[in-house]
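> Here it is, the structure, as structure tokens.
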Amino acid sequence: MSENQPIVEMQGITIEFPGVKALDGVNLRLFPGEIHALMGENGAGKSTMIKALTGVYKINGGSISVDSKPQTFTGTADAQNAGIATVYQEVNLCTNLSIGENVMLGHELHGPLGINWKKTHAQAKRHLATLGLQHLDSHASLSSISIAMQQLVAIARAMVIDAKVLILDEPTSSLDANEVEHLFSIMRQVRDSGVAILFVSHFLDQIYEVTDRLTVLRNGTYIAEVMTKETPRDELISMMIGKSAGELSQIGAKKSSRTVESGEQPVASVEGLGKKGSIKPISVDIFKGQVLGLAGLLGSGRTEFGRLLFGADKADEGVYKLHGSDANIDTPASALRGKVAYSTENRRDEGIVGDLTVRENILLALQAIRGMFRPVPKKEADAIVDKYMKELNVRPADPNKLIRNLSGGNQQKVLLARWLATKPELLILDEPTRGIDIGAKAEIQQTVLELAEQGMSVVFISSELEEVVRLSDDIVVLKDRRKIAEILNDGTISPETIVQTIANSDVETTNSGKAA
Amino acid sequence: MTNPTVKRVAEPSAVRSFIQRIMRNQLTWSVVALIALIVLCTIFDRQFLSLSYNPRTGGLSGPMITMLQESARYLMIATGMTLVVSTSGIDLSVGSVMVVAGAISMQLLSTGTNVWLSILVALGLGLVLGAINGALVSLLGLQPFITTLIMMLAGRGLAKVITSGQNTDASTVAGGEPLKWIANGFVLGLPANFIIAVIIVALVGLLARKTAMGMMIESVGINKEASRMAGINPKKILFLVYVVSGLLAAVAGLFATASVMRVDVSKTGQDLEMYAILAVVIGGTSLLGGKFSLLGSALGAIIIAMIRKTIITLGIDSAATPAFFAVVVIIICVMQAPKIRNLSAEFKRKNAIKASQKAAIA
């Protein structure tokens, strides 16, 4: 991009919270017509920086100027008035309002009798159309469309204020590949109209695909501003984590594939397990120490199947056996008693209990199994909390902090600790590495392999095929809510194999069948 | 000149940080409010704090004692309400459960039933009404507000049915002494009902904090779905809190009617659901659910009783009492608002900076 004047210039930004310096002299320049990535691990200060720019936090030092005019933001309204619009990581829209109402919220068009809804919806439609979303019915309820579409609606909403700067905080974390492409084409379109976009994502591929310039942060300090094209990946990674790329590739080491002995009794076995309107009957055997990957696009039924295995949804057909005997798994409580645990993909709504402490969050499931009136003895509880916080490297290492104050990666580790504390034999992990930084992601992947080596069976669900292929012994491929293949990961499998399988799925391809 | 000032402010001594912690604690402000009300009353009535021993009742007597006697019923309903509110619910029926419990106990007594059996039936009926609330909220998923609002109307109707619309009086019935003692008697000089209430609050507190009940209630109140996914049965928890609330409201109903051994089917327990909610809010439990403080609610309940005593002591016109009540509660809530608490801390900090700057200049 051409070296023009930056539209936003943040210099020497310092933000202090009681006891910690969240940001220490950080610089950020955003140029019109550029997509700028803010890079860094969790806790590097990306979110804090964004909150400084959007007026959520007051800065303790440094300066912010927009359009060469110095600005002091005392609230989000100030930032919006300066032309800065934000789409947050978790969609912050009102699901009970219509699409049009969400787009125009606070900017409704008025007539003599209050809001003119007809005009407002027409205006909303125009805004949606500029982003290629004309097919959406602006009167339909927001909850009737997918999360991905909601995200795009959120961008349309941000553009209503004629933003000069659009901030996208992890917009892709819940989208599948096609949806990401759609989002990127919209981002490029918005960029080409002269808007500066600040993009935060943990997916390096996406960063290289869509961004023009990068600013790297580490531990609240400014590391560098570079052009994306001129920066090799390993260099970027080592800037972010302060370690060499060689150390990182160690983590990618694949586990030695586990082979199933003939006649071996599966830990869990389901036969024709299904639920109408959710997932068609599926049969799967899961063996001790096996990592079973569930691959498929968003909406393929991978999460739905995980939920059935855990009893989070009640199956209406099929047989569920644990260690060869019939198990009645119809609630999470019954699954946990059967030593089956499930870590949800929806960390905020179904995972963390935000206002409880890290300690309480870890103990919750174990306590639920024991029952209300048999509290975990304090000594034992302390030992469990201490053990898992150390093993999983939860930071900050204070068990009495409220979990909602932790970063996404650390919340995920706490949830993992919650399930491990119940000593499960079968652990279902649904998108355990979504929306968390590279360091934490590698730690969680490593943990999965270690657990399997210790004999735990793991069902690993992820939209990142590369991750599924690297960790799994066997891969069940799902498409359109049914199982289309089960592939033995014998070392010849690559993400492309799975993509091919999904693409050619009209033919039933089963290369290893069920149990060997 | 600036350096030493910054240092002095940035490094508060241990004592100062201790004081700050206390200042930030919501309970502190409840205690302050309580003391302020007592001081106010003492200014108006020099005899307010006086206590005398009454050999006939075997207890102390004085304005404070009658205040504690009245607070017993608020302690009961506030405790139940705290647990319900913590699950992000509300129980509007506590006042009506009180009148039902009062009505059945008086009716049974006056028709010659054994006093202990009457008490048991009253408690059992409170438990059943609580269980109906609980079942409707937890199993059918009805809104707590609507469910308990209906129970509030139905309860008062039920009380009238029980007594055939009469304000049943059992004060002259023989054999009612144990119930009379519960409401008017004394233990170690203190009102028996207050002692019983404190013991029950302490028991509920122990149950909540020494078992996992408290954590599970809070967990369900904060994030019901996440709690379910962690293996907790939210329905059981919801059911439980409404049952406890119903049972404690029945105890409150016995306290309220037994003090005069007469139930007033239209007045007993009237508006008390509001008092209970106010006590919970004063105690620092958010109406949005989540973390609860039984100690805070207990203090809140005593403050409610104290406000009522203040109204009498100050001789406020009965027409103006609701307004006075509202003003006092608002003042307490404003005092406790985090913004105001931070404001006073900010003010002190600025003063400290000014003072040290002056010192530096001098």
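Residue numbers (UniProt numbering), protein chains in the order written: chain A, 1 to 516; chain B, 1 to 362. Glycine included, C-beta positions come from ideal geometry on N, C-alpha and C. This one's a predicted model, so the numbers in the text were calculated from it and none came from an experiment.
1. Do A/Ile384 and A/Leu309 count as a contact pair if the criterion is CB distance below 7 Å?
2. Is A/Leu248 helix, strand or coil when you go by DSSP?
3. Would A/Pro377 count as contacting chain B if we go by Cβ distances under 7 Å?
4. Beta-carbon of B/Thr285 versus every beta-carbon of chain A: anything under 7 Å?
5. Helix, strand or coil for A/Thr357 per DSSP?
6. Leaving aside the five residues before and after B/Phe44 along the sequence, list all residues of the same chain whose C-beta is less than 7 Å from its C-beta, in chain order.
7. Between which two residues does the alpha helix (DSSP H) containing B/Ser245 stretch?
8. State yes or no: is the C-beta of A/Gly55 within less than 7 Å of the C-beta of A/Thr14?
9. Taking all protein chains shown into account, decide if B/Tyr53 is buried (16 or more other Cβ within 10 angstroms of its Cβ) or exposed.
10. Determine whether the Cβ of B/Arg228 lies closer than 7 Å to any Cβ atom of chain A.
11. Kindly give me the distance between the Cβ atoms of B/Ile222 and A/Asp326, rounded to whole angstroms, as I take these residues to be in contact under 8 Å.
12. Which first and last residues belong to the alpha helix (DSSP H) in which A/Asp389 is found?
13. For A/Gly338, I'd like the list of residues in its chain whose CB is within less than 8 Å of its CB, leaving aside the five on either flank, ordered along the chain.
14. Which term fits A/Thr95, buried or exposed, when burial requires 16 or more other beta carbons within 10 angstroms of its beta carbon?
15. Which two residues bound the contiguous alpha helix (DSSP H) that contains A/Tyr208?
16. Looking at C-alpha atoms only, which residue of B/Leu287, B/Ile331, B/Ala320, B/Val327 is the closest neighbour of B/Thr87?
17. When DSSP labels each residue in this structure, what does A/Thr228 get in the three-state scheme?
18. Between the region 309-328 of chain A and chain B, which residues of the former have CB atoms less than 9 Å from a CB of the latter, in chain order?
19. Please confirm whether A/Ile35 and A/Phe184 have their CB atoms less than 7 Å apart.
20. In whole angstroms, what separates the C-alpha of A/Gly435 from that of A/Glu360?
21. At the 7 Å Cβ level, is A/Gly75 part of the contact set with chain B, yes or no?
22. Put A/His182 into one of helix, strand or coil per three-state DSSP.
23. In whole angstroms, what is the alpha-carbon distance linking A/Ala253 and A/Thr497?
24. Rounded to the nearest angstrom, what separates B/Ala328 and B/Ile303 at their Cα positions?
25. Looking only at its own chain, which residues have a Cβ that is under 6 Å from the Cβ of A/Ser193, when we skip the five neighbours before and after it?
26. Can you list the residues of chain A that B/Lys210 reaches, using a CB-CB cut of under 9 Å?
27. Flag A/Gln367 as yes if its beta-carbon sits less than 7 Å from any beta-carbon of chain B, otherwise no.
28. Hey, out of B/Met213, B/Met306, B/Asn25, B/Ala72, whose CA is closest to B/Phe186's CA?
29. Straight-line CA distance for B/Gly176 to B/Leu34?
30. So which residues of chain B does A/Arg418 contact, with C-beta pairs closer than 8 Å?
31. When the Cα atoms are used, what is the spatial distance from A/Leu248 to B/Ala276?
32. By Cβ distance, which residues of its chain are closer than 7 Å to B/Lys180, with the 5 residues on each side in sequence left out?
33. Are A/Asp430 and A/Gly293 closer than 7 Å when you measure CB to CB?
34. In the structure shown, what three-state DSSP assignment does A/Glu466 receive?
35. Which same chain residues, not among the five before or five after B/Asn184, have their C-beta less than 7 Å away from its C-beta?
36. Could you name the residues that DSSP lists as bridge partners for A/Lys479?
According to the structure data:
1. Taking the first residue of the first sequence as 1, we reach residue 309 of chain A at position 309. Taking the first residue of the first sequence as 1, we reach residue 384 of chain A at position 384. Not closer than 7 Å, so no.
2. In the first sequence, residue 248 of chain A corresponds to position 248, counting from 1. A caution first: A/Leu248 carries a pLDDT of 49, below 50, which makes its placement in the model unreliable, though a value can still be read off. Secondary structure at A/Leu248: helix, using DSSP grouped into helix, strand and coil.
3. Reading the first sequence from its first residue, position 377 is the one you call residue 377 of chain A. Not closer than 7 Å to any Cβ of chain B, the Cβ of A/Pro377 fails to qualify, so no.
4. Looking up residue 285 of chain B in the second sequence gives position 285. So, not an interface residue.
5. Along the first sequence, read from residue 1 onward, the residue named residue 357 of chain A stands at position 357. A/Thr357: strand per DSSP, three-state reduction.
6. For the purposes of this step, residue 44 of chain B is taken as the residue at position 44 of the second sequence. Same-chain partners within the cutoff: Thr313, Leu314.
7. As a working note, residue 245 of chain B is residue 245 in the second sequence. Where B/Ser245 is concerned, the enclosing alpha helix (DSSP H) stretches over 234-258.
8. For the purposes of this step, residue 55 of chain A is taken as the residue at position 55 of the first sequence. For the purposes of this step, residue 14 of chain A is taken as the residue at position 14 of the first sequence. In terms of Cβ geometry, A/Gly55 and A/Thr14 do not form a close pair [threshold 7 Å].
9. Numbered from 1 along the second sequence, position 53 holds the residue referred to as residue 53 of chain B. Exposed, because fewer than 16 other Cβ atoms sit within 10 Å of the Cβ of B/Tyr53.
10. For the purposes of this step, residue 228 of chain B is identified with residue 228 of the second sequence, where counting begins at 1. Yes, because at least one Cβ of chain A sits closer than 7 Å to the Cβ of B/Arg228.
11. For the purposes of this step, residue 222 of chain B is taken as residue 222 along the second sequence, with counting starting at 1. For the purposes of this step, residue 326 of chain A is taken as residue 326 along the first sequence, with counting starting at 1. Contact doesn't hold; Cβ gap of about 35 Å is too wide.
12. What you label residue 389 of chain A is simply residue 389 of the first sequence in a count that begins at 1. The identity of residue 389 of chain A in the sequence shown is Met, whereas the question assumes Asp. Residues 378-391.
13. On the first sequence, position 338 is the one that residue 338 of chain A refers to. If we look at A/Gly338 and ignore the five residues flanking it on each side, its Cβ neighbours are Leu322, Ala327, Ile329.
14. By one-based count along the first sequence, residue 95 of chain A stands at place 95. Counting Cβ neighbours within 10 Å, A/Thr95 comes out exposed, since fewer than 16 surround it.
15. One-based indexing of the first sequence puts residue 208 of chain A at position 208. Residue range 204-210 is occupied by the alpha helix (DSSP H) that includes A/Tyr208.
16. As a working note, residue 87 of chain B is residue 87 in the second sequence. Taking only the C-alpha atoms, the option nearest B/Thr87 is B/Leu287.
17. Reading the first sequence from its first residue, position 228 is the one you call residue 228 of chain A. A/Thr228 falls in the coil class under three-state DSSP.
18. If you check each beta-carbon in the region 309-328 of chain A against every beta-carbon of chain B, the ones closer than 9 Å belong to Phe310, Ala312.
19. Against the first sequence, residue 35 of chain A aligns to sequence position 35. Against the first sequence, residue 184 of chain A aligns to sequence position 184. Taking 7 Å as the Cβ cut-off, A/Ile35 and A/Phe184 do not qualify as a contacting pair.
20. Taking the first residue of the first sequence as 1, we reach residue 435 of chain A at position 435. Taking the first residue of the first sequence as 1, we reach residue 360 of chain A at position 360. For A/Gly435 and A/Glu360, the gap between their C-alpha atoms comes out near 23 Å.
21. Position 75 of the first sequence holds residue 75 of chain A. Not closer than 7 Å to any Cβ of chain B, the Cβ of A/Gly75 fails to qualify, so no.
22. Residue numbering aside, residue 182 of chain A sits at position 182 when the first sequence is read from its first letter. Looking at A/His182 - three-state DSSP - the assignment turns out to be helix.
23. As a working mapping, residue 253 of chain A is identified with position 253 in the first sequence. As a working mapping, residue 497 of chain A is identified with position 497 in the first sequence. Any reading at A/Ala253 is ruled out, since the residue's pLDDT is 48, under 50, leaving its predicted position unreliable.
24. Locating residue 328 of chain B in the second sequence gives position 328, where the first residue counts as 1. Locating residue 303 of chain B in the second sequence gives position 303, where the first residue counts as 1. It should be pointed out that residue 328 of chain B corresponds to Val in this sequence rather than to Ala. Their backbone Cα atoms lie some 10 Å apart in a straight line.
25. As a first step, residue 193 of chain A must be located in the first sequence, where it is residue number 193. Leaving aside the five residues that flank A/Ser193 on each side, none in its chain has a CB nearer than 6 Å to its CB.
26. Translated into the one-based positions of the second sequence, residue 210 of chain B becomes position 210. Ordered by position in chain A, the residues that pass the 9 Å Cβ test against B/Lys210 are Pro375.
27. Within the first sequence, the letter at position 367 stands for residue 367 of chain A. Interface residue, yes.
28. The count along the second sequence starts at 1 and reaches residue 186 of chain B at position 186. When only C-alpha atoms are compared, the closest one is B/Ala72.
29. Position 176 of the second sequence holds residue 176 of chain B. Position 34 of the second sequence holds residue 34 of chain B. Rounded to the nearest angstrom, the two C-alpha atoms are 35 Å apart.
30. Against the first sequence, residue 418 of chain A aligns to sequence position 418. Listed by position along chain B, the residues whose Cβ is nearer than 8 Å to that of A/Arg418 are Ala230.
31. In the first sequence, counting from the first residue as 1, residue 248 of chain A sits at position 248. In the second sequence, counting from the first residue as 1, residue 276 of chain B sits at position 276. With a pLDDT of 49 at A/Leu248, under the threshold of 50, the modelled position of that residue is not reliable, and no figure is offered here.
32. Mapped onto the second sequence, residue 180 of chain B falls at position 180. In the same chain as B/Lys180, and ignoring 5 residues on each side of it, the C-beta atoms closer than 7 Å to its own belong to Ala258, Met261, in chain order.
33. For this step, residue 430 of chain A is matched to residue 430 along the first sequence. For this step, residue 293 of chain A is matched to residue 293 along the first sequence. Cβ atoms of A/Asp430 and A/Gly293: not closer than 7 Å.
34. By 1-based counting over the first sequence, the position of residue 466 of chain A is 466. In the three-state reduction of the DSSP assignment, A/Glu466 falls in the helix class, which pools H, G and I.
35. Translated into the one-based positions of the second sequence, residue 184 of chain B becomes position 184. Take B/Asn184, set aside five residues on each side of it, and the residues of its chain with a beta-carbon closer than 7 Å to its own are Ser259, in chain order.
36. Your numbering for residue 479 of chain A matches position 479 in the first sequence. BP columns for A/Lys479 point to A/Arg482.
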